[in-house]
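There are 2 protein chains.
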Amino acid sequence: MARTTLDDDQTAELAEIFHLLGEPTRLRIVVCCLAGPVSVSALAERIGASPSLVSHHLRLLRAARILRAERRGKQVFYSAADEHIRTVLGDMIEHVAEPADDAG
Amino acid sequence: MARTTLDDDQTAELAEIFHLLGEPTRLRIVVCCLAGPVSVSALAERIGASPSLVSHHLRLLRAARILRAERRGKQVFYSAADEHIRTVLGDMIEHVAEPADDAG
DNA sequence: TGTTCATATGAATAGGTGTTCATGTATAAT
DNA sequence: ATTATACATGAACACCTATTCATATGAACA
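First to last, the protein sequences are chains A and B. Take the position in the first sequence, starting the count at 1, then add 12; the result is the number in this note's numbering. Take the position in the second sequence, starting the count at 1, then add 12; the result is the number in this note's numbering.
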C-alpha cells in the first residue's frame with residue numbers, strides 16, 4: 013500500500029471526479045466515450061436521454077477535463093480528454109465492475 | 013481495452029460507489045479507513061467533522077458494503093469491508109491522484 | 001441503578017443538482 | 001438570407017442530500 017493519505021486539494025479534485033462519475037447518466041456517457049469519439053446525438057440515442065440533457069452533462073465533463081470535444085462539421089464528437097484519463101477510467105471501471113468473491 | 017460497456021445493473025452499482033466517494037467528507041473517511049481500523053471519534057478528529065456527521069456518512073458506507081464496523085468496548089472501528097474493496101479503492105485513489113503529464 | 005463516554009439516529013433545513021422546456025448559436029445547404 | 005440540422009445554454013422545478021441539533025442506544029464503571 014503505497015500511500016493512504018491525500019491533502020485537501022487532492023481530496024477535493026478526486027472527489028469532484030468521483031462525483032461526476034457518480035451519476036448513472038453521466039457514467040454511461042463517459043463509458044460510451046472511452047471506446048472512441050462519439051457524437052452528442054449518438055450518445056443521446058445509445059443512452060436513451062435527450063440531447064439537451066446529454067449536452068448539459070457533457071459540459072460538466074468537459075469542464076472537469078474528463079472528456080474533450082472535437083467538432084466535425086455540424087456534429088461534435090466527445091472522447092476521453094487524454095490517454096491518462098482513458099487509462100484511469102478504464103481501469104476503475106474494470107476493477108469496480110468485478111464482483112467481490114467474498115461478498116455477503 | 014478489455015471492456016467498455018456495462019449493463020444497467022453494473023452501471024447503477026458502479027455509480028452508487030462513485031457517488032459515495034464523490035463527497036469530500038466521505039472520501040476522507042474512506043481514505044482514513046484504508047490504512048486500518050479507525051474509531052469514529054478518531055475519524056471525526058482527523059477529518060475535522062462532528063462525530064454525528066461522521067456517523068451519518070459511515071452508515072451509508074456500511075450500507076454500500078464499502079466499510080465494515082467492528083465493535084471494541086465502547087468504541088466502533090471502521091475499515092475496508094474486504095480485501096477487494098481495499099485493493100480497488102487503493103488503486104483508484106493512487107491512480108487518480110497521479111497528475112496528468114499532458115494536461116492543458 | 002445511575003452516570004459517563006462513544007456512537008447512532010431522527011427531524012429539520014439549507015443548499016445542491018438532474019431533468020425538462022424554451023431558446024440561442026453554429027454549421028451546412030438551397 | 002432562409003431553412004434545417006446538431007448542439008449549447010439559461011431558467012425553472014422537483015428532488016435529493018449534507019449538515020446540524022436533539023435525542024436515543026449501548027458499553028464501561030462507580
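Even for Gly, the Cβ is constructed at its ideal location relative to N, Cα and C.
Taken in chain order, the complete beta strand (DSSP E) segments of 3 residues or longer contained in the segment 70-100 of chain A are 79-84 and 87-92. For Ser51 (chain A), the three-state secondary structure derived from DSSP is strand. The C-beta of Phe89 (chain B) comes no closer than 8 Å to any C-beta of chain A. Here the C-alpha atom of Cys44 (chain A) lies approximately 17 Å from the C-alpha atom of Ala76 (chain A).
Going by beta carbons, Ala92 (chain A) and Leu79 (chain A) fall inside the 8 Å limit. The Cβ of Ile41 (chain B) sits no closer than 8 Å to any Cβ of chain A. In this structure, the beta-carbon distance from Val42 (chain A) to Leu55 (chain A) does not fall below 8 Å.
Residue contact with chain B for Pro36 (chain A): present (Cβ-Cβ distance below 8 Å to some residue of chain B).
Below 8 Å, enough C-beta pairs join the segment 88-108 of chain A and the segment 93-107 of chain B to call them touching: three or more. Residue environment for Arg83 (chain B): exposed (fewer than 16 other C-beta atoms within 10 angstroms of its C-beta). Annotation for Asp19 (chain B): no alpha helix (DSSP H) segment contains it, and DSSP assigns it neither H nor E.
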